[in-house]
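The structure appears below as structure tokens.
There are 2 protein chains.
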Amino acid sequence: MNPKYEQQMKKGVLEMLVLKRLESEPKYGYQLISELREESGGMFTLKEGTLYPILYRLEDERLVESRWSEPKGKEVSRKYYGITEKGNEELRELTELWRSFAAHVNEMTGNNKVTGNEEVQEG
Amino acid sequence: MNPKYEQQMKKGVLEMLVLKRLESEPKYGYQLISELREESGGMFTLKEGTLYPILYRLEDERLVESRWSEPKGKEVSRKYYGITEKGNEELRELTELWRSFAAHVNEMTGNNKVTGNEEVQEG
DNA sequence: CTCCTATACTTAGTATTGCTAAGTACATTC
DNA sequence: GAATGTACTTAGCAATACTAAGTATAGGAG
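Chains as they are written, first to last, in the working numbering: chain A, 17 to 139; chain B, 17 to 139.
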């Protein structure tokens with residue numbers, strides 16, 4: 017199948033996933049790329065050209081704030097992104113939107129029980 | 017919240033939903049718009065300018081086939097779209113892709129077990 | 001020192017796609 | 001015949017994942 021569909025499905029959820037990853041603590045770009053790749057089993061393997069524009073958009077909307085690290089010794093300087101209060105709020109709303117959206121789509125694709133504890137008749 | 021996110025989330029799933037609606041029988045454009053709106057509780061309220069380009073793309077990919085109705089009496093002529101064998105196959109693959117995708121996103125948003133019996137701390 | 005690799009960030013440009021807005025055509029209603 | 005409702009078409013816009021190239025620094029190989 018066309019990888020096109022998977023690419024398109026990602027639209028609108030990557031920002032939510034990035035915000036979610038920043039919920040616990042500030043992180044830098046490459047770190048986010050690694051974590052998203054590992055935790056998704058490879059499904060969310062973002063290139064820099066995908067992630068950084070997302071971070072810039074989030075920053076423009078004041079959902080995250082960035083600061084450059086002061087490199088200790090010969091460390092490379094890194095730009096850490098931390099979620100703001102507004103970002104936390106947006107994350108909650110985005111998560112709700114996603115759940116509602118996914119529930120509707122599941123229902124309309126015949127996948128109508130998504131509560132997670134039913135036995136699903138496959139095929 | 018920005019309606020932008022909802023718009024973006026739709027990308028990549030509308031084609032699946034349209035194919036799904038054609039699984040049972042051929043339908044025409046306006047009919048699909050009505051059904052999608054009704055069955056989604058309004059979430060998928062497509063304008064013609066959204067639906068028809070989708071149908072044309074599906075037709076280009078040989079996932080659906082269209083034929084003009086022969087209007088009986090003074091009926092308006094309608095263009096009926098029917099799913100092809102290739103379309104059925106694509107629908108199965110798309111549905112699987114969606115389930116896998118949604119499962120990953122749910123897991124990564126901490127929505128991994130929604131058994132429905134947890135107590136949720138509301139903000 | 002130069003060359004290569006790895007890390008880390010930036011940015012210009014492309015393709016896809018949902019949407020807006022306008023248009024055509026026909027039938028019915030007023 | 002003007003307005004309304006149905007049905008389809010299309011030009012153009014906006015948003016965004018991706019490609020591809022670039023900058024900069026550090027460390028190692030030669």
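Ideal placement from N, C-alpha and C gives every residue a C-beta, glycine not left out.
Under 7 Å from the C-beta of residue i: neighbouring residues of chain B
| i | result |
| --- | --- |
| Gly65 (chain A) | The contacting residues do not exist; Gly65 (chain A) stays about 18 Å from chain B at best. |
Neighbouring residues, chain A, relative to residue i (Cβ below 7 Å)
| i | result |
| --- | --- |
| Ser56 (chain B) | His120 and Met124 |
| Thr111 (chain B) | Thr125 |
Classification of residue i by the beta-carbon crowding that lies within 10 angstroms, buried from 16 upward
| i | result |
| --- | --- |
| Lys20 (chain B) | exposed |
| Val136 (chain A) | The predicted position of Val136 (chain A) is uncertain, since its pLDDT is 41 and thus under 50; a value taken from the coordinates is nonetheless stated next. Exposed. |
| Met17 (chain A) | exposed |
| Tyr63 (chain A) | The question names Tyr, yet the displayed sequence has Lys at residue 63 (chain A). Its Cβ having fewer than 16 others within 10 Å, Lys63 (chain A) is exposed. |
| Trp84 (chain A) | exposed |
| Lys129 (chain A) | With a pLDDT of only 48 at Lys129 (chain A), under 50, the local geometry of the prediction cannot be trusted, and the value read off the model is given with reservation. Burial call: exposed. |
| Gly89 (chain B) | exposed |
| Val92 (chain B) | exposed |
| Lys36 (chain B) | buried |
| Tyr97 (chain B) | buried |
| Thr61 (chain B) | exposed |
| Glu39 (chain A) | exposed |
First through last residue of the alpha helix (DSSP H) which encompasses residue i
| i | result |
| --- | --- |
| Arg115 (chain B) | Glu101 to Met124 |
| Arg37 (chain A) | Leu30 to Arg37 |
| Arg78 (chain B) | Premise fails: Arg78 (chain B) is in no alpha helix (DSSP H) and is neither H nor E. |
| Glu55 (chain A) | Gly45 to Glu55 |
| Glu22 (chain B) | Lys20 to Lys26 |
Interface partners of residue i on chain A, CB under 9 Å
| i | result |
| --- | --- |
| Trp84 (chain B) | Neighbours of Trp84 (chain B) on chain A: none; closest Cβ ~28 Å, over 9 Å. |
(request) Taking a Cβ distance cut-off of 7 Å, strictly less, list which residues of the region 22–36 of chain B are near chain A, in chain order. (result) For the region 22–36 of chain B, residues whose beta-carbon sits nearer than 7 Å to a beta-carbon of chain A comprise Glu22, Gln24, Met25, Lys27, Gly28, Val29, Met32, Leu33 and Lys36.
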